[in-house]
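All remarks here apply to the structure that follows.
In my numbering, the protein residues as written are 184 to 347.
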């Protein structure tokens, strides 16, 4: 099997999970698409360095995290432009999301500072282990645990503050 076929067989089934995480990290569907595309491109280019039989999901999430951080650093060096809100028909949220409180949770998660949002998303949404998150984010496992704890605490505080 060629490298291209191996990459397609192993990496492409992870696309949906990568996209969901990218949406949570970027808070924008278009940016998430770009993030996943760049992740898969870098993964394809570096696939010869991937060790078959190891966790491709964690390997791709590491690339995703690094591409995301590269984008944040690049954005910090460029001037910010502000778009004026367009006038148009507002889009209503799904009733289930409103009734279940998941819309509030998603908004609170999006408001978390970057390191906490990443750690909480990888642990609580993507169900990754602490050691996997530590490898992906390239920080010690104690830091991962601290970020998850502090991120969850911030989420609880934000959800308590919401209007009834």
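Beta carbons are placed, not taken as given, at the ideal position from N, Cα and C, and that holds for glycine.
Stretch pair the stretch 299 to 311 + the stretch 331 to 344: three plus CB contacts closer than 8 Å: yes
Neighbourhood of residue 193 by C-beta distance below 7 Å, restricted to the same chain and skipping five residues each side: 239
Closest Cα partner of residue 344 within the set 287, 204, 198 and 300: 287
Short Cβ contact (8 Å threshold) for residue 316 with residue 327: yes
Residue 327, enclosing alpha helix (DSSP H) - first and last residue: Start and end: 324 to 344.
Beta-carbon spacing of residue 388, residue 209 below 8 Å: This structure leaves residue 388 out entirely; the chain is present only between 184 and 347.
Collapsed DSSP secondary structure at residue 296 in the structure displayed: coil
Exposure label - residue 212; buried when at least 16 CB within 10 Å: exposed
Buried versus exposed call for residue 226 [16 or more other C-beta atoms within 10 Å across all chains shown]: buried
Local Cβ density within 10 Å of residue 261, reported as buried at 16 or more and exposed below that: exposed
For residue 234, three-class secondary structure by DSSP: It is coil, neither helix nor strand.
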